[in-house]
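Data block below; observations after.
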Amino acid sequence: SQQGEEDPQALSIQEGENATMNCSYKTSINNLQWYRQNSGRGLVHLILIRSNEREKHSGRLRVTLDTSKKSSSLLITASRAADTASYFCATERNEGGSEKLVFGKGTKLTVNP
Amino acid sequence: NAGVMQNPRHLVRRRGQEARLRCSPMKGHSHVYWYRQLPEEGLKFMVYLQKENIIDESGMPKERFSAEFPKEGPSILRIQQVVRGDSAAYFCASSPQGFYEQYFGPGTRLTVT
């Protein structure tokens, strides 16, 4: 099955609320990255967390990584309408002798004004 | 510093024609990756190239698809004899070193009629 499964698939919240998105994976990883994609656009890198890190912050973003549970979460605090987008986690892992990034299907976040 | 450039942004081809997608990485980046995205799906890795070398093409169909990254000029993803199932958004990303943070282009939306 697919590496990097995000949940929920869709999330709708009010402006000012916090949004939490989760990502699970199955094999060991080198690092995990979160990306954002606005409708019809390319992906924008948000944050990278290495396998030996547990938590990382960037502005209103907070990412956690639990390698024992093979899961990560992305928290967006005090959400804004402009945060409306799809959010993808991507795991960097060694596969077939080569490293690659494997993306999940994403969480579609809608922040209502 | 210009970001990753892709052209064309939209491409319409009839079944059986050839599609050529171009990607110019960010200045100073020598690693290029191509991904394909179907509607409501995450990105699927296709191929990873460095200048004049294909590092990993495990995600690319063996037939009709090819990619190159010449010493001079953009990276090219070429799809011969396109079929309707090739309709998708194709994204290129670049990085200064292998599988570090990747910078994405705006994508090329291919429609096969």
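Chains as they are written, first to last, in this note's numbering: chain A, 184 to 296; chain B, -19 to 93. Beta carbons are placed, not taken as given, at the ideal position from N, Cα and C, and that holds for glycine.
Cβ neighbour criterion (16 or more within 10 Å) applied to residue i
i, result
"A:Glu189", "buried"
"A:Glu275", "buried"
"A:Asn201", "exposed"
"A:Gly289", "buried"
"A:Asn214", "buried"
"A:Ser211", "exposed"
"B:Gly85", "buried"
"A:Lys291", "buried"
"B:Gln16", "The amino acid at residue 16 of chain B is misidentified as Gln; the sequence shows Arg. Classification of B:Arg16: buried, given that the 10 Å Cβ count is 16 or more."
"B:Ala(-18)", "exposed"
"B:Leu29", "buried"
Check whether residue i and residue j have beta carbons under 7 Å apart
i, j, result
"A:Leu229", "A:Arg237", "no"
"B:Phe25", "A:Lys283", "yes"
"B:Ser67", "B:Val92", "yes"
"B:Val(-16)", "B:Met6", "yes"
"A:Phe286", "A:Ala273", "yes"
"B:His(-10)", "B:Pro76", "no"
Residues that residue i bridges to, as DSSP identifies them
i, result
"A:Thr250", "DSSP lists no partner for A:Thr250."
"A:Ser262", "DSSP output for A:Ser262 lists no bridge partner at all."
"B:Ser10", "Answer by DSSP bridge pairing: none, since B:Ser10 is not bridged."
"A:Ala282", "Residue 282 of chain A is actually Glu in this sequence, not Ala. Partner(s): A:Asn277."
"B:Arg(-6)", "Answer by DSSP bridge pairing: none, since B:Arg(-6) is not bridged."
Alpha-carbon spacing of residue i relative to residue j, whole angstroms
i, j, result
"B:Leu1", "A:Leu231", "29 Å"
"A:Gly242", "A:Thr293", "20 Å"
"A:Leu248", "A:Ser254", "6 Å"
"B:Ser74", "B:Val12", "4 Å"
"A:Ala261", "A:Leu194", "15 Å"
"A:Arg263", "A:Phe271", "18 Å"
"A:Thr203", "A:Ile196", "10 Å"
"B:Ala69", "B:Leu18", "7 Å"
"A:Asn277", "A:Ser207", "17 Å"
"A:His240", "A:Val246", "6 Å"
Cβ-heavy atom distance, residue i to the ligand COA, below 6 Å
i, result
"B:Arg64", "Only the bare structure without any ligand can be found here, which leaves the ligand COA out of the picture."
Subject >> Entirely enclosed alpha helix (DSSP H) segments - the segment 184 to 255 of chain A, minimum 4 residues >> reply: none
Original post:
Counting only runs that start and end within the segment 56 to 91 of chain B, where is the beta strand (DSSP E) found for 3 or more residues in a row?
Top reply: For the segment 56 to 91 of chain B, whole beta strand (DSSP E) runs of length 3 or above, ordered along the chain, are 68 to 75.
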